[in-house]
Amino acid sequence: MENITINIVNSIGDVFAVEAEDGQKVFELISKALRDHKNVVVSFQNVEMLTTAFLNTAIGQLYKDFNESDIKRHLKASDMSDSGKVALKRVVDTAKLYYKDPEAMQRSIDNILGD
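Per the UniProt record's numbering, the sequence shown starts with residue 1, numbered consecutively.
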């Protein structure tokens, strides 16, 4: 199986991985590679700032289209800071819950917000 590396800085043209729109570009690159049955390494080399908004869009929404075991087997992150790893784990855990049962997650959010 072919390997592909997606370098965040090269893909979005910025060292600040903060915007959901930039995350969408990365999501589309990862999705295409996974659909083409490639192993994907997402490199965070030289990323100076990383937000959960970016990670939710780039990585989190993969759980809508791909099953967890395929993502685990074919997607790796590299060159990530410790705080980036913590943020990514939080995003992945939330995405798995959300895409497993979106309605229940929305009800929970509504309850918390008092809607």
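Don't be surprised by glycine CBs; every beta carbon is placed ideally from N, CA and C.
Would you mind giving the Cβ-Cβ distance between K12 and K32, rounded to the nearest angstrom? I have them listed as a contact below 8 Å. It should be noted that the sequence gives Ile, not Lys, for residue 12. With 8 Å as the limit, I12 and K32 do not qualify as a contact, their Cβ atoms being about 16 Å apart.
Provide the residue span of the alpha helix (DSSP H) that contains K76, from first to last. Careful: K76 lies outside any alpha helix (DSSP H), inside the beta strand (DSSP E) at L75 to S78.
Three CB pairs or more closer than 8 Å across the region 71 to 87 and the region 99 to 113: Flag = no, the region 71 to 87 and the region 99 to 113 do not touch.
Does the separation of the CB atoms of V40 and I8 fall below 7 Å? Going by C-beta atoms, V40 is not nearer than 7 Å to I8.
Which runs of the alpha helix (DSSP H) fall wholly inside the UniProt domain "DUF4325" (22 to 84) and span at least 4 residues, in chain order? DSSP runs (the alpha helix (DSSP H)) wholly in the UniProt domain "DUF4325" (22 to 84): 52 to 55, 62 to 65 and 68 to 74.
Near I59, which residues of its chain fall below 7 Å by C-beta distance, leaving aside the five closest residues on each side in sequence? L88, V91 and V92.
Where do the ends of the alpha helix (DSSP H) carrying E103 lie? Its alpha helix (DSSP H) spans residues P102 to L113.
Nearest-angstrom Cβ-Cβ length linking V47 and V86, presumed shorter than 8 Å: About 15 Å; that fails the 8 Å criterion.
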